[in-house]
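Undergrad:
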Amino acid sequence: MASIRLAGVSKVYPDRTAAVSELALDITEGEFLVLVGPSGCGKTTALRMIAGLEEISSGTLTIGDRVVNRVPARDRDVAMVFQSYALYPHLTVRDNIAFGLQLRKMPKAEIAKRVEQAAETLGLTEHLDRRPRNLSGGQRQRVAMGRAIVRKPHAFLMDEPLSNLDAKLRVQMRAEISRIQRDLGVTTVYVTHDQVEAMTLGDRVAVLKKGVLQQVAPPQELYDRPTNIFVAGFIGSPSMNLLQARLEADTGTTGARLRLGEQTLAVPAALLAERPRLRDYIGHDVAVGIRPEDMEDAELVDTPDDSALTSTTDLVEALGSEILLHFQLDAPPVVTEDTKELARDVGADHLDAASRKSDIIARCSPRSRTK
Ligand code: ATP
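Written out as structure tokens, the structure is:
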């Protein structure tokens, strides 16, 4: 295994598309780094540059202690796992896994040993003599992984390896990739547009937008301390509520208040003391980010009136383990009956609750973030 360092790495395609701009990343030995971002943000391009499948326009790429800008892909000793699996249909699982080792003219006994070990790790032993067309999607994905594992490379590079699997298998394989990577301790760069995959797999997650790195941090830090509105909105499912507001001084209390449409929300003096930078925003328009789980029904908790907002539920989605409530905060407050009953009612009979227009009151809890 090896560290991977990108220093100011950029890619401009011949048609002048700037796919990756000045990317700086230090990936340590054995680390699992996830590159995440919306479609077209340059994740695949970045990965292909590390693999040697795409030329670097400027900057320096180092694998281990070797600058590899001009080193061909086959000499970089990295193994790529593609979304399409790229298996040879006419070869058995055994030969697909062994293919790269045979090309390198490794002794047959060593190849057989490595293939069997990989098959064991991946639960493929009983399928070694089958051909890819006789395997399920998940099994094919494992063969692609096997091909990477047997090479014992410096690094694994994975480009959306789970995106062709159904939701259940994806969760299962996600856990397996995590386990295998931990067991083998191989430096891994993993590309995905799925932020749940990013959060669950990565030791650190790098968020890209339009070819520019926005933030790189451990998953929980990205979630708790997003560096900008893009990261705040991208990480988290359902995503953070981002509301336009104005922060105003509240001379009476030495605190402040947020004006959200026609409503106001108190920002207590204690919170301002804890986060002194907030004072700089008094008198300015701000974006307020509130995670869905940081809202509570103010009727069900003991809360002062000025720390609550009033709104009307548009939609109730019962997901089994949780219930999502959608509502408009800008709408003028509408008071209807049954507010206290809402949480219990939706649990008991969500169809009934969904068909009823009820008030939902959001409360800023201490974990809510304001910027
Ligand atoms: P996705 O999640 O959709 O695969 P991505 O984040 O991996 O997207 P890239 O495939 O790296 O994004 O593409 C980044 C940008 O570079 C996009 O605007 C894309 O259209 C452009 N691009 C990719 N390959 C080429 C190419 N060969 N020539 C010109 N532009 C390209």
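In this text, residue positions in the sequence shown follow the working numbering: the first is 1026, and each later residue adds one.
Backbone N, C-alpha and C fix where the C-beta goes; we use that ideal spot for every residue, glycine too.
Fair warning: this is a prediction, and the values are worked out from it, not measured in the lab.
(1) Could you tell me which uninterrupted beta strand (DSSP E) segments, each at least 3 residues in length, are contained entirely in the stretch 1210-1270, listed from first to last along the chain?
(2) Checking 8 Å against the spacing of the C-beta atoms, do phenylalanine 1107 and aspartate 1184 come in under that value?
(3) I think glutamate 1054 touches threonine 1212, with their Cβ atoms under 8 Å apart; what is that distance to the nearest whole Å?
(4) Let me check one thing: in DSSP terms, what residues is glutamate 1151 bridge-paired to?
(5) Excluding the 5 residues flanking serine 1264 on each side, which residues of the same chain have their C-beta closer than 6 Å to its C-beta?
(6) Taking the Cβ atom as the reference point for each residue, do alanine 1180 and valine 1214 lie within a distance shorter than 8 Å?
(7) Specify, as a first and last residue, the run of the alpha helix (DSSP H) that glutamine 1127 falls within.
(8) Measuring CA to CA, which of Gly1286, Thr1085 and Thr1278 is closest to leucine 1297?
(9) How big is the Cα-Cα spacing for arginine 1316 and asparagine 1266?
(10) Could you pull out every residue in the same chain whose Cβ sits closer than 8 Å to the Cβ of alanine 1169, ignoring the five residues on either side in sequence?
(11) Under a Cβ-count criterion, where at least 16 other Cβ atoms within 10 Å of its own Cβ denotes burial, should alanine 1044 be classed as buried or exposed?
(12) Which residues in the same chain as arginine 1139 place their Cβ atom closer than 7 Å to its Cβ, once the five residues preceding and following it in sequence are excluded?
(13) Express the C-alpha separation of methionine 1026 and aspartate 1154 in angstroms, rounding to a whole number.
(14) Does ligand 1 have even one heavy atom less than 7 Å from the beta-carbon of glycine 1077?
(15) Would you mind sorting glutamate 1056 into buried or exposed? The rule is 16 or more other CB atoms within 10 Å of its CB.
(16) Give a single yes or no on whether aspartate 1219 has its beta carbon closer than 7 Å to a heavy atom of ligand 1.
(17) Among the candidates Ser1082, Pro1114, Leu1268 and Arg1101, whose CA atom is the shortest distance from the CA of arginine 1091?
(18) Might you give, ordered along the chain, the residues of its own chain that have their beta carbon closer than 6 Å to the beta carbon of leucine 1340, omitting 5 neighbours on each side?
(19) On the premise that alanine 1291 lies in contact with aspartate 1228, defined as a C-beta separation below 8 Å, what is that separation, rounded to the nearest angstrom?
(20) Count the other C-beta atoms from every protein chain shown that fall within 10 angstroms of the C-beta of leucine 1133, then say buried if there are 16 or more, exposed otherwise.
(21) Whole alpha helix (DSSP H) runs in the stretch 1034-1097 with 4 or more residues, listed along the chain?
(22) How big is the Cα-Cα spacing for glycine 1236 and leucine 1048?
(23) Excluding sequence positions up to five away, which residues of its chain have a Cβ less than 8 Å from the Cβ of aspartate 1208?
(24) Identify whether methionine 1026 lies in helix, strand or coil by the three-state DSSP scheme.
(25) Within 7 Å: the Cβ of serine 1064 and any heavy atom of ligand 1?
(26) Give me the Cβ distance between threonine 1070 and glutamate 1079, rounded to the nearest whole Å; I'm assuming they're in contact under 8 Å.
(27) With a 10 Å radius around its C-beta and 16 neighbouring C-beta atoms as the bar for buried, classify serine 1046 as buried or exposed.
(28) Is the distance from the Cβ of glutamine 1269 to the Cβ of alanine 1312 below 8 Å?
(29) Measuring straight from C-alpha to C-alpha, what distance separates lysine 1068 and valine 1232?
(30) For a quick check, are the C-beta atoms of tyrosine 1306 and leucine 1272 less than 8 Å apart?
(31) Cβ-heavy atom distance between alanine 1044 and ligand 1 below 7 Å?
(32) Cα separation between leucine 1116 and arginine 1167?
(33) Within the present structure, is the beta-carbon of glycine 1084 separated from the nearest heavy atom of ligand 1 by less than 7 Å?
(34) Flag this pair as yes or no: are the beta carbons of serine 1082 and glycine 1033 separated by less than 8 Å?
(35) Closest to arginine 1284 by C-alpha separation, out of Arg1300, Ser1262, His1309 and Ile1260, would be which residue?
(36) Pick out whichever of Leu1325, Ser1028 and Gly1261 has its Cα sitting closest to the Cα of proline 1244.
TA: From the atom records:
(1) 1212-1217, 1229-1234 and 1237-1242
(2) The sequence position of residue 1107 within the sequence shown is 82, counting from 1. The sequence position of residue 1184 within the sequence shown is 159, counting from 1. Taking 8 Å as the Cβ cut-off, phenylalanine 1107 and aspartate 1184 qualify as a contacting pair.
(3) The residue given as residue 1054 occupies position 29 in the sequence shown. The residue given as residue 1212 occupies position 187 in the sequence shown. So it is a contact: roughly 6 Å between Cβ atoms.
(4) If you number the sequence shown from 1, residue 1151 lands on position 126. Paired residue(s): none; glutamate 1151 is not in a bridge.
(5) As a working note, residue 1264 is residue 239 in the sequence shown. Correct list, in chain order: Gly1258.
(6) Counting from 1 along the sequence shown, the entry for residue 1180 is found at position 155. Counting from 1 along the sequence shown, the entry for residue 1214 is found at position 189. Yes, the pair counts as a contact, with Cβ atoms nearer than the cut-off.
(7) Residue numbering aside, residue 1127 sits at position 102 when the sequence shown is read from its first letter. Per DSSP, glutamine 1127 belongs to the alpha helix (DSSP H) from 1118-1128.
(8) Residue mapping note: residue 1297 aligns to position 272 of the sequence shown, counting from 1. Cα-wise, what sits closest to leucine 1297 is Thr1278.
(9) Position 291 of the sequence shown holds residue 1316. Position 241 of the sequence shown holds residue 1266. Cα-Cα distance, rounded: 6 Å.
(10) As a position in the sequence shown, residue 1169 is number 144, starting the count at 1. Answer for alanine 1169: Val1106, Phe1107, Tyr1110, Ala1111, Leu1112 and Pro1186, listed in chain order.
(11) Residue numbering aside, residue 1044 sits at position 19 when the sequence shown is read from its first letter. Alanine 1044 is buried by the Cβ-count criterion.
(12) In the sequence shown, residue 1139 corresponds to position 114, counting from 1. Around arginine 1139, the same chain offers Leu1126 and Val1175 as residues with beta carbons nearer than 7 Å, after the five sequence neighbours per side are excluded.
(13) Counting from one through the sequence shown, the residue named residue 1154 turns up at place 129. Counting from one through the sequence shown, the residue named residue 1026 turns up at place 1. The alpha-carbon atoms of aspartate 1154 and methionine 1026 are separated by roughly 30 Å.
(14) As a first step, residue 1077 must be located in the sequence shown, where it is residue number 52. Outside the cutoff, so no.
(15) Reading the sequence shown from its first residue, position 31 is the one you call residue 1056. Glutamate 1056 comes out buried.
(16) Your numbering for residue 1219 matches position 194 in the sequence shown. Not so, every heavy atom of ligand 1 lies at least 7 Å from the Cβ.
(17) Here residue 1091 refers to the residue found at position 66 of the sequence shown. Checked all of Ser1082, Pro1114, Leu1268 and Arg1101; the closest Cα to arginine 1091 is Arg1101.
(18) As a first step, residue 1340 is located in the sequence shown; it is residue number 315 there, counting from the start. Within the same chain, leucine 1340 has close Cβ partners His1351.
(19) Locating residue 1228 in the sequence shown gives position 203, counting from the first residue. Locating residue 1291 in the sequence shown gives position 266, counting from the first residue. The pair is not a contact, with the Cβ atoms about 39 Å apart (cut-off 8 Å).
(20) Against the sequence shown, residue 1133 aligns to sequence position 108. Correcting the residue type first, residue 1133 is lysine in the shown sequence and not leucine. Per the 10 Å Cβ criterion, exposed.
(21) 1068-1076
(22) One-based indexing of the sequence shown puts residue 1236 at position 211. One-based indexing of the sequence shown puts residue 1048 at position 23. Rounded to the nearest angstrom, the two C-alpha atoms are 8 Å apart.
(23) Along the sequence shown, one-based indexing puts residue 1208 at 183. Here the set comprises Thr1146.
(24) Position 1 of the sequence shown, counted from the first residue, corresponds to residue 1026. Three-state DSSP puts methionine 1026 in coil, outside helix and strand.
(25) Walking along the sequence shown from the start, residue 1064 turns up at place 39. Result yes, Cβ under 7 Å from ligand 1.
(26) Taking the sequence shown and counting its residues from 1, the one referred to as residue 1070 is at position 45. Taking the sequence shown and counting its residues from 1, the one referred to as residue 1079 is at position 54. Right, their Cβ atoms sit about 6 Å apart.
(27) The sequence position of residue 1046 within the sequence shown is 21, counting from 1. That one is buried.
(28) The residue given as residue 1269 occupies position 244 in the sequence shown. The residue given as residue 1312 occupies position 287 in the sequence shown. Taking 8 Å as the Cβ cut-off, glutamine 1269 and alanine 1312 qualify as a contacting pair.
(29) For this step, residue 1068 is matched to residue 43 along the sequence shown. For this step, residue 1232 is matched to residue 207 along the sequence shown. Each residue's alpha carbon lies about 9 Å from the other.
(30) Counting from one through the sequence shown, the residue named residue 1306 turns up at place 281. Counting from one through the sequence shown, the residue named residue 1272 turns up at place 247. If you check the CB distance, tyrosine 1306 and leucine 1272 come in under 8 Å.
(31) Taking the sequence shown and counting its residues from 1, one reaches residue 1044 at position 19. Yes, since a heavy atom of ligand 1 falls inside the 7 Å radius drawn around the Cβ of alanine 1044.
(32) On the sequence shown, residue 1116 is found 91 positions in, with the first residue counted as 1. On the sequence shown, residue 1167 is found 142 positions in, with the first residue counted as 1. Using only the alpha carbons, I get a separation of about 15 Å.
(33) Counting from 1 along the sequence shown, the entry for residue 1084 is found at position 59. No, the beta carbon of glycine 1084 sits no closer than 7 Å to any heavy atom of ligand 1.
(34) Start at 1 with the first residue of the sequence shown, and residue 1082 comes out as number 57. Start at 1 with the first residue of the sequence shown, and residue 1033 comes out as number 8. Their beta carbons are not under 8 Å apart, which means serine 1082 does not touch glycine 1033 by this criterion.
(35) Here residue 1284 is taken as the residue at index 259 of the sequence shown, counted from 1. With distances taken between Cα atoms, arginine 1284 lies closest to His1309.
(36) Position 219 of the sequence shown, counting from 1, holds the residue named residue 1244. That would be Gly1261, whose Cα lies nearest to the Cα of proline 1244.
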